[in-house]
Amino acid sequence: MDRFKHLDLPIHNQLFERRKGRAFSNLHPRTSEEKKQYYEVQIEQFGNIKEAYQRDKDKLRGFFDPNLIFKIEASPPLSDDKIRMELERMNIQVIASPRDKTGAYVVFSGDEELNAFKEKLKAYSQEDKYKFIDGIGTISEIPPDEKIGIRLSHEPLRDEETTYLDVEIWRMEDSRLNDFLQGFKKLWRKSGRQKYLQHTD
């Protein structure tokens, strides 16, 4: 005999929806005025990035056509995985994350993509859209120290030192990659160091 009586509980066949959390509710939202100021500052930054890109493009003319690559900084709690996912939803190609995992390196192949991103920033500053941008800080050129590997940053080359260096090329379409490699070889030969150049897939 059971020591305690079992209670008959009513059975409910009704389905209940799970309570949905607000997306990016853990980000500190900017006010309307802060959004406007943020947009103006980033548009100015884009101008600086574009000028630097144009200088590189002019310098490398006849060898290869570089892509426009820059850095988007993010603040916790917006992780690099989350920012990658949101940027790719906006059709923005993310090619890598900084070593400290605080943002993303993105690439644009032309002005059309850049202008589309500017329009999204404008929509963020004027409407209730793209809330994850609350977690994005500065948009800037990639600093030189982030373009070199960990070992080389810890052990810089000495004056007149000759050694092997590995150069990593971010992924691109095969046709563009072949054009880049041919142009890079041409540029390297012009520098007088052609016998030291070698590449692998």
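For what it's worth, this note's numbering labels the leading residue of the sequence shown as 33, then goes sequentially.
Glycine included, C-beta positions come from ideal geometry on N, C-alpha and C.
In this text, all values refer to a predicted model and were calculated from it rather than measured experimentally.
| Check | Outcome |
| --- | --- |
| Taking the C-alpha atoms as reference points, what is the distance between residue 214 and residue 131? | 30 Å |
| Using the rule of at least 16 other Cβ atoms within 10 Å of the residue's Cβ for burial, across every protein chain shown, is residue 73 buried or exposed? | exposed |
| Count the other C-beta atoms from every protein chain shown that fall within 10 angstroms of the C-beta of residue 142, then say buried if there are 16 or more, exposed otherwise. | exposed |
| So is residue 156 buried or exposed if we call it buried at 16+ other beta carbons inside 10 Å? | buried |
| Mind checking whether residue 169 and residue 118 have CB atoms under 9 Å apart? | no |
| DSSP on residue 169, reduced to helix/strand/coil? | strand |
| Could you name the residues of the same chain whose beta carbon sits closer than 6 Å to that of residue 59, not counting the 5 residues immediately before and after it, in chain order? | 166 and 167 |
| What are the partner residues of residue 102, as DSSP defines its beta bridges? | 138 |
| Apply the 10 Å Cβ neighbour rule to residue 171 and answer buried if 16 or more other Cβ atoms are within range, or exposed otherwise. | buried |
| Out of 184, 91, 123 and 127, point me to the one whose CA is closest to residue 112's CA. | 127 |
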